[in-house]
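In the working numbering, the protein residues as written are 3 to 260.
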């Protein structure tokens with residue numbers, strides 16, 4: 003996670019207007035503003051990015067990205083907003099505006115910007131799936147535990163579309179995954195992938211700096227056809243985000259040796 007600290011929820015708008023925090027730049031396409039803290043951006047006919055500004059203890063107000071895949075009035079959700087309240091707002095909007103009911107959820111990793119709203123999903127009876135490492139970490143930290151686990155990969159289908167979650171190694175966290183949607187050529191990299199506006203690696207305490215470049219290398223090799231790459235925070239782009247992440251990791255390593 004890379005965080006930008008502000009002092010109140012009203013400043014989410016200022017973050018949104020800032021290239022380093024909101025969804026701006028080359029991606030100034032149409033979007034839906036759900037409320038002062040949630041916006042939805044269509045990436046393809048079936049895929050939508052949800053960006054939410056939530057307060058994270060110790061870090062302030064932060065814009066975080068997630069993904070929604072919709073087909074046949076059904077949806078898969080990848081990462082929730084930080085809060086249960088905003089997760090409920092997001093689900094209600096999907097019901098009322100896209101007429102799509104969420105049928106499954108996968109968090110990128112155990113941090114609150116990925117699964118902070120999981121209790122809302124459980125209350126609605128929405129099944130959740132996660133890397134077994136994510137389930138173990140959640141349990142060890144007394145967090146709500148996703149329902150079912152996988153080790154290497156998991157295929158989920160919604161309508162006529164398929165999304166596959168892969169665990170390719172530690173990076174930003176020990177359990178982080180990526181999600182590949184082949185029909186849309188979208189790679190949801192989450193917090194292991196840095197936006198082009200990022201100038202540092204951000205929060206690294208729970209990760210593995212030595213494994214991170216190796217994992218990104220595996221991601222690059224496995225998904226050569228990716229056209230859209232979505233990071234955990236900041237603007238999305240193409241495969242250049244993977245190269246940018248590797249460059250930041252190299253710079254970080256060199257700075258540590260000085």
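Just so you know, even glycine gets a beta-carbon here, dropped at the ideal spot from N, CA and C.
DSSP three-state call for residue i: helix, strand or coil?
i, result
"residue 172", "coil"
"residue 254", "helix"
"residue 196", "coil"
"residue 63", "strand"
"residue 120", "helix"
"residue 111", "coil"
"residue 160", "strand"
"residue 216", "helix"
"residue 247", "helix"
"residue 93", "helix"
"residue 41", "strand"
"residue 52", "strand"
Who are the near neighbours of residue i in its chain, counting only those whose CB is closer than 7 Å to its CB and skipping five residues on each side?
i, result
"residue 215", "248, 251"
"residue 85", "56, 118, 119"
"residue 217", "170, 171, 172, 173, 194"
"residue 114", "58, 84"
"residue 246", "196, 198"
"residue 91", "36, 37, 40"
Could you tell me which residues DSSP pairs with residue i in its beta bridges?
i, result
"residue 141", "According to DSSP, residue 141 bridges with nothing at all."
"residue 190", "181, 232"
"residue 76", "73, 103"
"residue 221", "Bridge partners of residue 221: none, in fact."
"residue 166", "157, 182"
Whose C-alpha, out of the options, is nearest the C-alpha of residue i?
i, options, result
"residue 66", "150, 199, 233, 240", "233"
"residue 122", "148, 222, 197, 60", "148"
"residue 202", "228, 235, 177, 227", "235"
"residue 240", "207, 206, 191", "191"
"residue 110", "89, 68, 95, 226", "68"
"residue 184", "166, 198, 196", "166"
"residue 181", "237, 199, 197, 158", "158"
"residue 125", "93, 222, 228", "93"
"residue 96", "254, 44, 213", "44"
"residue 64", "116, 253, 91, 224", "116"
"residue 204", "253, 50, 228, 142", "253"
Give me, in chain order, the residues of the same chain whose beta-carbon lies closer than 6 Å to that of residue i; leave out the 5 immediate sequence neighbours on both sides.
i, result
"residue 73", "48, 160, 161, 162, 163"
"residue 174", "193, 194, 209"
"residue 41", "33, 35, 53"
"residue 206", "none"
"residue 89", "82, 83, 119, 122"
Within this structure, are the beta carbons of residue i and residue j separated by less than 9 Å?
i, j, result
"residue 100", "residue 131", "no"
"residue 151", "residue 129", "no"
"residue 76", "residue 53", "no"
"residue 108", "residue 145", "no"
"residue 133", "residue 153", "yes"
Counting only the same chain and skipping the five closest in sequence on each side, list residues whose C-beta sits under 8 Å from that of residue i.
i, result
"residue 46", "186, 188, 230"
"residue 137", "147, 148, 151"
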